[in-house]
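Written as structure tokens, this is what we have:
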């Protein structure tokens, strides 16, 4: 199995063309906004929540069932 890296396919000439068309400031602000937005993490978490228990166990996650009861000595801390 091989993993393809989408970043490695982005050539510098393509990046130069984007900067030439839209301007350095606009491209920089768009990249900064995309980096700060953080949508990727939310989408990944949403996909992990939709997995069934069998697949969650395969990737090392706990089952989606109810969480174990909290000890009495720890309840007052929350």
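Numbering (our numbering), first residue to last: 13 to 90.
Think of the CB as a built atom: it goes at the ideal place given N, C-alpha and C, for glycine as much as any other residue.
Is the CB-CB distance between residue i and residue j below 7 Å?
i          : j          : result
residue 49 : residue 65 : no
Could you give the DSSP three-state label for residue i: helix, strand or coil?
i          : result
residue 76 : coil
residue 97 : This structure leaves residue 97 out entirely; the chain is present only between 13 and 90.
residue 88 : coil
residue 44 : helix
residue 64 : coil
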